[in-house]
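What follows is one structure encoded as structure tokens, with my remarks underneath.
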Amino acid sequence: MDSKLKAQVIACVSVIVLLILGTVYLINREKPAATGIQVTSMQQESAEAQNGIYARYQLNPDKDPTAFLQDPDFFDVEPEEADQSKVLSLQASSTQKDLRIFVVDGNGNPVSGQQFTFRIAKDGAQTQTYEDEDQDGMLYLTDLAAGEYAVSLNPVDGYAVPDTALSASVSESVSYTVLQDISFLVKTEDEVDPAVEDTGVREAEEDADGTETNVRLADGASVFGIDVSKWNKEIDWQKVKAAGVEYAIIRCGYRGASTGALVEDPYFEKNIKNATEAGVRVGVYFFTQATTPVEAVEEASMVLMLCNQYKISFPLYIDTEGAGGNGRADGLDVETRTAVCTAFCETIENAGYTAGVYASKNWLTGKLDAQKLSPYSVWLAQYSGKPSYQGTYDMWQYTSAGTVDGISTLVDFNVSYMDY
120 MDSKLKAQVI ACVSVIVLLI LGTVYLINRE KPAATGIQVT SMQQESAEAQ
170 NGIYARYQLN PDKDPTAFLQ DPDFFDVEPE EADQSKVLSL QASSTQKDLR
220 IFVVDGNGNP VSGQQFTFRI AKDGAQTQTY EDEDQDGMLY LTDLAAGEYA
270 VSLNPVDGYA VPDTALSASV SESVSYTVLQ DISFLVKTED EVDPAVEDTG
320 VREAEEDADG TETNVRLADG ASVFGIDVSK WNKEIDWQKV KAAGVEYAII
370 RCGYRGASTG ALVEDPYFEK NIKNATEAGV RVGVYFFTQA TTPVEAVEEA
420 SMVLMLCNQY KISFPLYIDT EGAGGNGRAD GLDVETRTAV CTAFCETIEN
470 AGYTAGVYAS KNWLTGKLDA QKLSPYSVWL AQYSGKPSYQ GTYDMWQYTS
520 AGTVDGISTL VDFNVSYMDY
């Protein structure tokens, strides 16, 4: 029972008892012996007075006012609510022969700064112990055998840990499904060194043949649009729309070329909100540095997480380019790079969106197996007066030197042969 209510009940009972005793005392002292009629009248008056007090304090006169004395817990101090930041739980996910485990608090936030000890057992076998030595609240295990795993946490001073183990499934093959805990991996640029991580090189510029045009191409069979990122800085999207831009493919983020961190583009949220409000249709792209299909699923999961609250009209693209020759994915072979793009696109399409691949002509012909990517939208980057790429594509980025009212920098121009 609430402590304030207890106090009110005690006060009411005390007042009632005092009134009854006082009434009895006055009657016995000042009045002669009562007749039967007088006794009845006095009982009615006492009952009316008693009922009035019950009504004042919203008590039920039909119940015993001293019943609280029979409650052994009535005078106990109410326990304080647990500090949710000290109540721990585990979350786990797996893509292929791996297991990623996060420690989160009662508010759903990741917990770091504490060296946790994880206990993991496969199919009831002997338990293995792992230390969170970098104290980031995460454990990532690879090269695991497929099967069912039980994950638990050793007791930690000052924290309440789960009483039961968490069950997690590890699959043999890649699962092209969204990782629900991907938000724990996404960083802002304040947490990384962008000069080292965001080093993508425009392969199409290196392949340019000098015949490109920066005028708007409009032949009635295509739709004119742009693509933007943080490099385009602040954008007045109302002016962009008024200038005749029908759509924009907006960068939502990138994987760091050095550390492999997943980083959100600092202008993404502002760009997609303002573009949508201005009536510009949007698509999204992500600059990849994934080296495995598992990492590509992570990238796709990040894209889907960032886009799920917006209306997306155009495809969600994986942007596959070099990072200056020193990027973690620059040396991938054709088979692996194609598998990365496939994993990204399959994860996107399994979530109900249209997926696509952005690449230069030379990458499509020499560093990717374009035939295996034919089920997805292809966004060709070739800076020339007319594309010479012989494969199929749905969109063509034909210059990086366009100008549009509302954008202070040069901007990429595109034509789409699909009006999504």
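To convert a position in the sequence shown, counted from 1, into our numbering, add 119. Glycine is no exception: its CB is placed at the ideal position from the N, C-alpha and C atoms.
C-alpha gap between residue i and residue j, whole angstroms
i              : j              : result
valine 230     : alanine 323    : 43 angstroms
valine 523     : aspartate 224  : 47 angstroms
alanine 265    : alanine 211    : 15 angstroms
asparagine 393 : valine 401     : 11 angstroms
tyrosine 436   : aspartate 338  : 25 angstroms
leucine 483    : glycine 243    : 48 angstroms
isoleucine 301 : asparagine 333 : 39 angstroms
alanine 442    : aspartate 328  : 21 angstroms
threonine 518  : threonine 411  : 31 angstroms
glycine 379    : alanine 409    : 8 angstroms
serine 204     : aspartate 255  : 16 angstroms
threonine 296  : leucine 272    : 27 angstroms
glutamate 388  : threonine 246  : 44 angstroms
asparagine 427 : glutamate 267  : 30 angstroms
valine 347     : valine 315     : 20 angstroms
serine 420     : glutamine 299  : 8 angstroms
glutamate 252  : glutamate 468  : 37 angstroms
tyrosine 508   : leucine 425    : 32 angstroms
threonine 511  : tyrosine 536   : 11 angstroms
leucine 304    : valine 382     : 9 angstroms
lysine 352     : lysine 241     : 50 angstroms
lysine 216     : glutamine 357  : 48 angstroms
For residue j and residue i, believed in contact at Cβ under 8 angstroms, the rounded distance
i              : j             : result
isoleucine 220 : leucine 209   : 6 angstroms
threonine 439  : alanine 470   : Incorrect: roughly 20 angstroms between the Cβ atoms, too far for contact.
alanine 269    : serine 290    : The pair is not a contact, with the Cβ atoms about 17 angstroms apart (cut-off 8 angstroms).
valine 359     : valine 399    : 6 angstroms
arginine 370   : aspartate 355 : Going by Cβ atoms, the distance from arginine 370 to aspartate 355 rounds to 18 angstroms, so no, they are not a contact pair.
serine 496     : threonine 473 : 6 angstroms
aspartate 326  : lysine 505    : Their Cβ separation, rounded to whole angstroms, is 14 angstroms, which puts aspartate 326 and lysine 505 out of contact at 8 angstroms.
Residue span of the alpha helix (DSSP H) that contains residue i, given as start and end
i                 : result
aspartate 438     : No alpha helix (DSSP H) holds aspartate 438; the beta strand (DSSP E) holding it covers 435–438.
phenylalanine 387 : 387–396
phenylalanine 463 : 453–469
methionine 421    : 412–426
glycine 485       : 480–485
Nearest to residue i (by Cα), restricted to the options the options
i                 : options                        : result
serine 377        : Trp350, Gly319, Val359         : Gly319
alanine 201       : Leu260, Lys241, Ala279         : Ala279
phenylalanine 433 : Met421, Leu381, Ala448, Met514 : Met514
lysine 349        : Asp538, Tyr536, Ser527         : Ser527
lysine 491        : Val289, Ala500, Val459         : Val459
threonine 330     : Glu310, Gln501, Ser294         : Gln501
threonine 214     : Val534, Ala240, Leu263         : Leu263
threonine 466     : Glu417, Met537, Asn226         : Glu417
valine 413        : Val403, Tyr404, Phe463         : Phe463
aspartate 307     : Lys352, Glu325, Gly375         : The question names aspartate, but residue 307 is threonine in the sequence shown. Looking at the Cα atoms, Gly375 is the closest of the given residues.
glycine 372       : Thr395, Pro313, Glu365         : Pro313
threonine 461     : Lys480, Thr407, Tyr429, Gly444 : Thr407
valine 364        : Val534, Gly446, Asp192, Pro191 : Val534
phenylalanine 405 : Gln234, Trp498, Val530         : Trp498
glutamine 516     : Leu423, Tyr386, Gly344, Ala361 : Gly344
Where the beta strand (DSSP E) through residue i begins and ends
i              : result
alanine 367    : 366–374
glutamine 516  : 514–521
threonine 103  : Examination of residue 103 is not possible in this model, given that the chain is present from 120 through 539 alone.
asparagine 533 : 530–535
tryptophan 356 : Careful: tryptophan 356 lies outside any beta strand (DSSP E), inside the alpha helix (DSSP H) at 356–361.
tryptophan 498 : 496–500
Near the ligand ZN: residue i beta-carbon under 7 angstroms from a heavy atom
i                 : result
phenylalanine 405 : This structure lacks the ligand ZN; in fact it carries no ligand of any kind.
Where are the beta strand (DSSP E) runs, 3 residues long or more, that stay fully inside the region 266–331, in chain order?
266–272, 285–289
Write down every uninterrupted run of the beta strand (DSSP E) in the region 204–239 whose length is 3 residues or greater and which is fully enclosed by it, in chain order.
208–212, 218–223
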